[in-house]
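*Asks:* Here's a structure for you.
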Amino acid sequence: MPLYFWPMNYQKIINGIFKEVSECKDNGIVASYIPALKKVNPNKFGVSLCTIKNDCFGVGDFEEKFSIQSISKVFTLTLALKLIGVKLWKRVDVEPSGDPFNSLVQLEFEKGIPRNPLINSGALVVCDVLISELKNPKKELLQFVQKLANNKNINYNLEVMQSETEHGFKNAAHVNLMKSFNNIENDVDEVLDLYYHMCSLEMTCSELATSFLIFSNGGKLSYTNEQIITRSASKRINATILTCGFYDESGEFAFRVGLPGKSGVGGGIVAIYPNEYAITVWSPKLNKNGNSLKGMTVLEKFTTKTASSIF
Ligand code: DON
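Numbering (this note's numbering), first residue to last: 10 to 320.
As C-alpha cells, then:
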C-alpha cells in the first residue's frame, strides 16, 4: 500500500480509494425506520475533502444533497455553546454512552441528564436551549449552518421532517422523561419540532466538509478568518465527537480511523484532521450499528494512506 507524503495530492488519493471501495462488497442496509429515508438510491457514493486553505476535492456523488441526520447535532451543539457557554454542561454530560443513539436505558437512572450531546436525549436538550435563547430557532439554525458552509443554498427537507414527526414515538419518550426531571424548559412538541427540522437538513459532501472546517481551524471560518467559537469550545466539540460521535461504535471509529468524526443514518460521515482538512463520505448502506459501511472503510483507508491521524 503506498504511503503518501506532504504536500498531498488529495484528488488522486480519494480517486484511488473511491475506486477500490466501489469494488468492495457492501452488505449494509439503508435506514428504513423513517419511511422518507428509504427512498434514497442505496448505491449513491461520494467523497469530498476540503482543506483550511480552502481547496476542495471530490469524487462520485459528492455534489448531491443527502439527509445529514444526526451529523446536524454538531451544529446545534456548536450554536448552543456559542450562546450559553459552559452552562450547557450542567444539563448534558460528556461521557460516551456505549449504547445506541436512541437508547432510553441510562436516562431514567441518571435523572434526566443525558450522557452526551450527540445521543438523541442530549441533542433534544440542546434544542431546548436553542428555543430558550433564540427568537426564531429554526431560521437562525439554518442561517448558522449556511454561514459555516459559506452557502445559502442549504435547507430543511420538509418531507423527511414530516416523516420523522410521524414516527418519533421514542424521541417523544425522551423529551417527556427529561421534562419530568425538569431538564426541559419549553413545550415538548416545540422541542421535537426543532429536533426533526435539524435532522432533516440536506447538504452535499463538499458543503458538509466546508462547514466542519471550523473544527480543524481552532473555531475560525477558513474563508474569512472570523472566530465563530472559541478555540476551547472547538477543542471540546472535537473531543465530544471523537468519544461519542458514533454511539456504541465510537471506539471502533477511533480505532480504525483515528480522527474525530460524526455519522448520520442518512449514510454520511464527516471527520476532521486538526489544522489541515475536513473529509465527508456519503454511502447510504449502514452497518449493524447504523453507521455507513463504506464510509468507515473509505476513512480508514484514507487516514492509513496519508498517515493523518491525531494519534
Ligand atoms: O432521531 C432520529 O431517529 C434521527 N432523525 C437521527 C438519527 C441519526 O442520524 C442517528 N445517528 N446516526
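Quick reminder that beta carbons are idealized off the backbone N, C-alpha and C, glycines included. Given the structure is predicted, the values throughout are model-derived calculations rather than measurements.
Taking 8 Å as the cut-off, does the segment 180 to 199 touch the segment 154 to 161 (at least 3 CB pairs, one atom from each stretch)?
*Replies:* Contact between the segment 154 to 161 and the segment 180 to 199 is absent, because fewer than three Cβ pairs lie under 8 Å.
*Asks:* Starting from S189, trace the alpha helix (DSSP H) both ways and give me its first and last residue.
*Replies:* 178 to 189
*Asks:* Closer than 6 Å by C-beta to G273: which residues in its own chain qualify, once you throw out the five before and the five after it? Chain order, please.
*Replies:* I77, Q78, S79, I80
*Asks:* Is Y165 near ligand 1, judged by its Cβ being under 8 Å from some heavy atom?
*Replies:* no
*Asks:* Going by CA-CA distance only, name the one from S225, F320, G55 that's closest to S243.
*Replies:* S225
*Asks:* Which of the three DSSP states is assigned to V274 in this structure?
*Replies:* Of the three classes helix, strand and coil, the one that applies to V274 here is coil, per DSSP.
*Asks:* Mind checking V169: buried by the 16 CB within 10 Å criterion, or exposed?
*Replies:* buried
*Asks:* Just the Cα atoms here: how many angstroms apart are E29 and G37?
*Replies:* 17 Å
*Asks:* So, under 8 Å CB-CB, I163 and L230 are touching, yes? Tell me the CB distance rounded to an integer number of Å.
*Replies:* Rounded, the Cβ-Cβ distance is 15 Å, inconsistent with contact.
*Asks:* Can you name, in chain order, every residue of its own chain whose Cβ lies under 6 Å from the Cβ of A45, other than the five neighbours on each side?
*Replies:* For A45, the CB contacts under 6 Å within the same chain, skipping 5 residues up- and downstream, are E168, V169, S172 in chain order.
*Asks:* Please confirm whether I278 and G304 have their CB atoms less than 9 Å apart.
*Replies:* yes
*Asks:* In whole angstroms, give me the CA-to-CA distance for K34 and T239.
*Replies:* 43 Å
*Asks:* Report yes or no: do three or more beta-carbon pairs, one from the segment 244 to 264 and one from the segment 295 to 302, lie closer than 8 Å?
*Replies:* yes
*Asks:* By the 10 Å Cβ neighbour count, where 16 or more other Cβ atoms means buried, how is T233 classified, buried or exposed?
*Replies:* exposed
*Asks:* Just to confirm, does S272 get its C-beta within under 8 Å of one of the non-hydrogen atoms of ligand 1?
*Replies:* yes
*Asks:* Work out the CA separation of N63 and T87 for me, nearest whole Å.
*Replies:* 21 Å
*Asks:* With H, G and I counted as helix, E and B as strand and the rest as coil, what does DSSP make of N234?
*Replies:* coil
*Asks:* Please go through the same chain and pick out, in chain order, the residues whose beta-carbon is closer than 6 Å to the beta-carbon of M187, but skip the five residues on each side of it.
*Replies:* G121, I193
*Asks:* Relative to ligand 1, is the shortest distance from any of its heavy atoms to the C-beta of G67 smaller than 8 Å?
*Replies:* no
*Asks:* Using 8 Å as the cut-off, classify the Cβ of S130 as near or not near the heavy atoms of ligand 1, replying yes or no.
*Replies:* no
*Asks:* Please name the residue, chosen from T312, N111, V49, G276, that lies closest to W291 on a Cα-to-Cα basis.
*Replies:* G276
*Asks:* With a threshold of 8 Å, establish whether the CB of Q171 neighbours any heavy atom of ligand 1.
*Replies:* no
*Asks:* Taking 9 Å as the threshold (C-beta atoms), are K99 and L127 in contact?
*Replies:* no
*Asks:* Kindly identify the DSSP beta-bridge partner or partners of A280.
*Replies:* G270, I288
*Asks:* With H, G and I counted as helix, E and B as strand and the rest as coil, what does DSSP make of V154?
*Replies:* helix
*Asks:* Straight-line CA distance for S241 to A287?
*Replies:* Rounded to whole angstroms, S241 and A287 show a C-alpha spacing of 19 Å.
*Asks:* So what's N336 in DSSP terms, helix, strand or just coil?
*Replies:* For residue 336 there is no data in the structure shown, the boundaries of the chain being 10 and 320.
*Asks:* Between L308, T313, A316, F320, which has its C-alpha nearest L58's C-alpha?
*Replies:* Closest option to L58, Cα to Cα, is L308.
*Asks:* Here's the rule I'm using: 16 or more other beta-carbon atoms within 10 Å means buried, otherwise exposed. How should S317 be labelled?
*Replies:* buried
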